[in-house]
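Reviewing the structure listed below.
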Amino acid sequence: MTVPFIRSFTFIPAMKRIQSAIAALHAEQAAMVQRLRACQPPPASLGAHLLALTDPATGKPLTDGQLGAELATFVFAGINEFVAGGCWRVPSVLGEADAHAWDQPEAFLPERWDMPLAAAAIGNAADSKAAGVQSVSEEAGPESKAGRPTLARRYLPFSYGPRSCVGQNLANMTMVTFTATICANFTLALAPEMGGKKGVEEAAIVILTLQPKDGMLLHCSPRNEIAQ
Numbered sequence: 003m004t005v006p007f008i009r010s011f012t013f014i015p016a017m018k019r020i021q022s023a024i025a026a027l028h029a030e031q032a033a034m035v036q037r038l039r040a041c042q043p044p045p046a047s048l049g050a051h052l053l054a055l056t057d058p059a060t061g062k063p064l065t066d067g068q069l070g071a072e073l074a075t076f077v078f079a080g081i082n083e084f085v086a087g088g089c090w091r092v093p094s095v096l097g098e099a100d101a102h103a104w105d106q107p108e109a110f111l112p113e114r115w116d117m118p119l120a121a122a123a124i125g126n127a128a129d130s131k132a133a134g135v136q137s138v139s140e141e142a143g144p145e146s147k148a149g150r151p152t153l154a155r156r157y158l159p160f161s162y163g164p165r166s167c168v169g170q171n172l173a174n175m176t177m178v179t180f181t182a183t184i185c186a187n188f189t190l191a192l193a194p195e196m197g198g199k200k201g202v203e204e205a206a207i208v209i210l211t212l213q214p215k216d217g218m219l220l221h222c223s224p225r226n227e228i229a230q
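Numbering (the working numbering), first residue to last: 3 to 230.
Next up, the structure:
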């Protein structure tokens with residue numbers, strides 16, 4: 003980011019280049035607006051939606067300057083811009099059916115993942131050979147694409163091999179200990195607000211795992227009180 007007062011130092015070569023680049027960007031931005039208005043984009047296209055935008059303050063269509071600013075957003079942020087605080091999650095199946103990594107990516111070939119448990123942690127092709135892990139190219143025959151990394155380098159799911167969470171064992175141990183402690187000292191009953199088993203099932207959503215939308219409300223009763 004440029005310090006504001008430096009903008010006046012036009013004698014600095016770097017500032018001249020910056021100003022020239024900004025001027026070129028603004029010129030291209032204005033040209034993009036004119037091309038967009040002239041091409042009459044299809045109704046369902048992004049361009050048509052941009053042209054349909056109105057100024058919230060006036061209710062009128064966006065001016066060239068306003069429309070240019072919207073276009074600039076896509077230039078800098080890309081078409082996948084989303085609200086601040088949002089989260090992207092890519093299904094692992096997309097990586098496991100990637101034509102850049104696999105031969106016949108859409109074919110049902112579960113044996114492509116049939117490898118030793120340690121294979122995903124192999125560091126390089128030479129180590130893979132030593133461990134007896136063949137590349138997919140070798141397994142699939144002469145029609146396979148040569149030069150691809152070995153199977154061990156391609157199949158790297160989260161929580162396995164080099165992508166395993168370093169605290170996973172501690173987390174699993176803590177979870178088991180916590181669950182055992184609670185169940186040993188309390189009896190658990192579903193709170194009436196949950197609406198019984200049916201209510202829990204209807205409130206279930208998937209956020210990485212299956213879970214109640216607003217959490218699980220339970221009544222915990224100490225076991226010593228029940229015994230008395």
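C-beta atoms are modelled at their ideal positions from N, C-alpha and C, and glycine is treated no differently.
Quiz item: From F76 to A16, what does the alpha carbon distance come to, in whole angstroms?
Solution: 26 Å
Quiz prompt | N-terminal and C-terminal residue of the beta strand (DSSP E) that L192 is part of | solution = F188 to L192
Quiz item: When the Cα atoms are used, what is the spatial distance from M238 to Q213?
Solution: Absent from the structure is residue 238, since the part of the chain shown begins at 3 and ends at 230.
Self-check item: Residues that T56 bridges to, as DSSP identifies them
Solution: P63
Quiz item: Which value, in whole angstroms, describes the spacing of the CA atoms of Q68 and P45?
Solution: 20 Å
Quiz prompt | Buried versus exposed call for L210 [16 or more other C-beta atoms within 10 Å across all chains shown] | solution = exposed
Exercise. State the DSSP-derived secondary structure class of C185, mapped to helix, strand or coil.
Key: helix
Quiz item: What are the residues that DSSP puts in a beta bridge with H28?
Solution: DSSP lists no partner for H28.
Exercise. Have a look at K18, T65 and I207 and flag the residue whose alpha-carbon is nearest the alpha-carbon of Q36.
Key: T65
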